[in-house]
Amino acid sequence: MALEQLKALAQRIGKPLETQPSASGESGRVAPGFGGSDVFMPDSLGPKRGGSSRLQIATYNVLFKTSDAETRQDLSRLMKRNGVINLQEFDASHRDLFKWIDQKGWGHKSLRGGTQEPIIWDRRKYKLVDSGSRKLNDTVEHLPGRGLYPSHRATWVRLEDKKTGKVFTTVSVHTIAHNRGAHVTPRVDRISKHQFRELAQLTADLKKHGPVVIGGDLNAAPNRPATWPREILKHAHLRSNWSELGTGGVGKGGTHGKSFIDNFLTLTTMRDRLKLLSHRIVRGLHSDHNAVEADYRLK
Numbered sequence: 049m050a051l052e053q054l055k056a057l058a059q060r061i062g063k064p065l066e067t068q069p070s071a072s073g074e075s076g077r078v079a080p081g082f083g084g085s086d087v088f089m090p091d092s093l094g095p096k097r098g099g100s101s102r103l104q105i106a107t108y109n110v111l112f113k114t115s116d117a118e119t120r121q122d123l124s125r126l127m128k129r130n131g132v133i134n135l136q137e138f139d140a141s142h143r144d145l146f147k148w149i150d151q152k153g154w155g156h157k158s159l160r161g162g163t164q165e166p167i168i169w170d171r172r173k174y175k176l177v178d179s180g181s182r183k184l185n186d187t188v189e190h191l192p193g194r195g196l197y198p199s200h201r202a203t204w205v206r207l208e209d210k211k212t213g214k215v216f217t218t219v220s221v222h223t224i225a226h227n228r229g230a231h232v233t234p235r236v237d238r239i240s241k242h243q244f245r246e247l248a249q250l251t252a253d254l255k256k257h258g259p260v261v262i263g264g265d266l267n268a269a270p271n272r273p274a275t276w277p278r279e280i281l282k283h284a285h286l287r288s289n290w291s292e293l294g295t296g297g298v299g300k301g302g303t304h305g306k307s308f309i310d311n312f313l314t315l316t317t318m319r320d321r322l323k324l325l326s327h328r329i330v331r332g333l334h335s336d337h338n339a340v341e342a343d344y345r346l347k
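Per my numbering, the sequence shown runs over residues 49 to 347.
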């Protein structure tokens with residue numbers, strides 16, 4: 049190819065691709081080709097923007113004192129059924145597992161220091177669009193009966209389905225443990241409500257970019273009214289999977305003993321874009337928690 053032709057091609061490549069229909073009416077983009085000719089690139093060759101995606105996601109409190117070998121077994125089991133997993137109590141002692149997660153072809157978002165609520169995802173299925181975190185509470189030096197309660201953060205990632213182009217955000221969170229309510233433990237109850245208000249505000253910010261799925265150990269359940277932040281969640285238009293589909297058909301017992309404190313929360317105002325199809329409890333793991341899996345249709 050002559051030097052003049054190369055220069056002309058370079059100038060044309062630098063221009064944005066023009067969107068236009070083909071002679072048959074199919075939409076696509078026109079890209080510059082060699083010899084001065086243009087090449088039509090149909091949209092059908094890229095991600096399909098119509099239709100819907102199937103989102104299979106899990107949330108699991110691994111328990112900080114489990115060994116790497118035990119946690120690796122548990123994650124291997126969850127990875128077989130899910131494309132995204134929200135984790136809690138995945139503290140610094142588990143950080144070596146990120147190398148193994150990379151080798152499995154999964155991505156991860158984690159914060160250094162403090163409590164660890166990372167999110168991992170199958171890179172073959174999803175592309176990372178954005179990520180971040182939000183502080184839920186400051187460190188409390190002394191709480192009666194438990195001592196220091198560290199600052200907690202919610203971790204979030206925004207992912208794009210590589211096949212359909214559908215985008216969603218998931219948030220991994222671990223709120224303060226309590227089961228007695230405001231009248232018995234008022235200080236703990238205030239911390240809990242503050243955490244949920246911060247989570248509600250984070251959701252309000254994230255929903256501007258599409259559907260949001262919050263998954264984590266909330267240390268609260270819809271069937272425990274003394275500690276369930278009903279008004280906060282109602283005002284934020286957030287509803288638990290246990291309220292959505294109930295607890296029937298998930299086997300005997302809950303996610304932690306008899307309690308259903310591990311939840312997914314989604315926006316009732318986005319039912320047309322994110323619909324819960326089913327959920328299940330995964331038992332027989334090494335933690336004191338069972339994992340929760342959910343199937344969503346993402347439109």
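Yeah, the Cβ is synthetic: ideal placement off N, Cα and C, and Gly gets one too.
Computed from a prediction, not measured in an experiment: that's the story for all the values here.
| If you compare alpha carbons, which of K214, W204 and K300 is closest to G99? | Along the sequence shown, one-based indexing puts residue 99 at 51. For G99, the nearest C-alpha among the options comes from K214.
| With 16 other CB atoms within 10 Å as the buried threshold, where does A268 fall? | On the sequence shown, residue 268 is found 220 positions in, with the first residue counted as 1. Answer is buried; the Cβ neighbour count reaches 16.
| task | Assign K175 to one of three DSSP states: helix, strand, or coil. | result | In the sequence shown, residue 175 corresponds to position 127, counting from 1. DSSP places K175 in strand when its eight states are reduced to three.
| field | Contacts around L191, its chain only, beta-carbon distance under 7 Å, and the 5 residues preceding and following it disregarded | value | Your numbering for residue 191 matches position 143 in the sequence shown. Cβ neighbours of L191 beyond the five flanking positions: Y197, R235 and V236.
| field | Under 7 Å between C-beta atoms of L184 and E137 | value | Start at 1 with the first residue of the sequence shown, and residue 184 comes out as number 136. Start at 1 with the first residue of the sequence shown, and residue 137 comes out as number 89. No.
| Inter-residue spacing [alpha-carbon to alpha-carbon] between R160 and F308 | Position 112 of the sequence shown, counting from 1, holds the residue named residue 160. Position 260 of the sequence shown, counting from 1, holds the residue named residue 308. Cα to Cα, R160 sits roughly 29 Å from F308.
| Is E74 helix, strand or coil when you go by DSSP? | Counted from its first residue, the sequence shown places residue 74 at position 26. Residue placement at E74 is flagged as unreliable, the pLDDT there being 45, under the threshold of 50; the coordinate-derived value follows with that caveat. Looking at E74 - three-state DSSP - the assignment turns out to be coil, as it is neither helix nor strand.
| Among the residues of its own chain, which have a CB less than 6 Å from the CB of L103, if the five just before and after it don't count? | Within the sequence shown, the letter at position 55 stands for residue 103. Once the five neighbours on either side are set aside, the close Cβ partners of L103 are Y344 and L346.
| beta strand (DSSP E) segments (min. 3 residues) lying fully within the region 160–232 | 167–170, 174–185, 188–191, 195–197, 200–209 and 215–222
| In chain order, what residues of the same chain have a beta carbon less than 7 Å from the beta carbon of R171, not counting five sequence neighbours either side? | The count along the sequence shown starts at 1 and reaches residue 171 at position 123. Within the same chain, R171 has close Cβ partners G153, W154 and G155.
| query | Looking only at C-alpha atoms, which of E279, V261 and Q121 sits nearest to L333? | reply | Here the question's residue 333 lines up with position 285 in the sequence shown. For the residues E279, V261 and Q121, the minimum Cα distance to L333 belongs to Q121.
| Cβ neighbour criterion (16 or more within 10 Å) applied to K147 | Taking the sequence shown and counting its residues from 1, the one referred to as residue 147 is at position 99. Burial call: exposed.
| Bridge partner(s) assigned by DSSP for K300 | Mapped onto the sequence shown, residue 300 falls at position 252. Paired residue(s): none; K300 is not in a bridge.
| message | Please classify Q249 as buried or exposed, where buried requires at least 16 neighbouring CB atoms within 10 angstroms. | response | Here residue 249 corresponds to residue number 201 of the sequence shown, with the count starting at 1. Q249 is exposed by the Cβ-count criterion.
| By a C-beta neighbour count over all protein chains shown, 10 Å radius and 16 as the cutoff for buried, is G364 buried or exposed? | Outside the shown range of the chain, which is 49 to 347, sits residue 364, and nothing can be said about it.
| Can the beta-carbon of V205 be found closer than 7 Å to that of K157? | Within the sequence shown, numbered from 1, the residue matching residue 205 stands at position 157. Within the sequence shown, numbered from 1, the residue matching residue 157 stands at position 109. Closer than 7 Å, so yes.
| field | Nearest to N134 (by Cα), restricted to the options V221, R125 and G299 | value | Locating residue 134 in the sequence shown gives position 86, where the first residue counts as 1. The option with the nearest alpha carbon to N134 is V221.
| message | Measuring alpha carbon to alpha carbon, tell me which residue in G131, K210, S101 and N338 is nearest G264. | response | Within the sequence shown, residue 264 is the residue found at index 216, counting from 1. Closest option to G264, Cα to Cα, is N338.
| said: Measuring straight from C-alpha to C-alpha, what distance separates M318 and L123? | reply: Residue 318 sits at position 270 when you count from the first residue of the sequence shown. Residue 123 sits at position 75 when you count from the first residue of the sequence shown. So the two alpha carbons sit approximately 30 Å from each other.
| task | State buried or exposed for R201, treating a residue as buried only when at least 16 other CB atoms are found within 10 Å of its CB. | result | Against the sequence shown, residue 201 aligns to sequence position 153. Under this definition R201 is a buried residue.
| said: Give me the DSSP bridge partner(s) of E341. | reply: Counting from one through the sequence shown, the residue named residue 341 turns up at place 293. In DSSP, E341 forms a bridge with A106 and R328.
| query | Which residues in the same chain have their Cβ closer than 8 Å to the Cβ of G296, if we skip the five residues on either side of it in sequence? | reply | Position 248 of the sequence shown, counted from the start, is the residue given in the question as residue 296. Answer for G296: no residue qualifies.
| Are the beta-carbon atoms of V340 and T187 separated by less than 7 Å? | Looking up residue 340 in the sequence shown gives position 292. Looking up residue 187 in the sequence shown gives position 139. No, the Cβ-Cβ distance between V340 and T187 is not below 7 Å.
| Where S335 falls: helix, strand or coil (DSSP) | In the sequence shown, residue 335 corresponds to position 287, counting from 1. Three-state result, S335: coil.
| DSSP state of L111, grouped into three classes? | As a first step, residue 111 is located in the sequence shown; it is residue number 63 there, counting from the start. In the structure shown, L111 sits in coil (DSSP, three-state: anything other than H, G, I, E or B).
| said: Suppose you measure from the CA of D253 to the CA of I224; what does that come to, to the nearest Å? | reply: Reading the sequence shown from its first residue, position 205 is the one you call residue 253. Reading the sequence shown from its first residue, position 176 is the one you call residue 224. If you take the alpha carbons of D253 and I224, they lie about 23 Å apart.
| request: Would you grab the beta carbon distance between L207 and K175 for me? Rounded to a whole angstrom, and I think it's under 8 Å. | output: For the purposes of this step, residue 207 is identified with residue 159 of the sequence shown, where counting begins at 1. For the purposes of this step, residue 175 is identified with residue 127 of the sequence shown, where counting begins at 1. Right, their Cβ atoms sit about 7 Å apart.
| query | Which word fits H257, buried or exposed, when buried means at least 16 other C-beta atoms lie within 10 angstroms of its C-beta? | reply | Within the sequence shown, residue 257 is the residue found at index 209, counting from 1. It is exposed - the Cβ of H257 has fewer than 16 other Cβ atoms within 10 Å.
| said: Quick check on this structure: which residue in D144, V132 and S179 has the alpha carbon closest to the alpha carbon of I168? | reply: Within the sequence shown, residue 168 is the residue found at index 120, counting from 1. Comparing Cα positions, the closest option is V132.
| field | Candidates V177, S179 and F244, of which the one nearest H283 by Cα | value | Stepping through the sequence shown from its first residue, residue 283 is reached at position 235. Nearest of V177, S179 and F244 to H283, Cα basis: F244.
| query | Can you give the Cα-Cα distance for T203 and K300, rounded to whole angstroms? | reply | The sequence position of residue 203 within the sequence shown is 155, counting from 1. The sequence position of residue 300 within the sequence shown is 252, counting from 1. Using only the alpha carbons, I get a separation of about 31 Å.
| request: Could you tell me which residues DSSP pairs with L135 in its beta bridges? | output: As a position in the sequence shown, residue 135 is number 87, starting the count at 1. Answer is Y108, bridged to L135.
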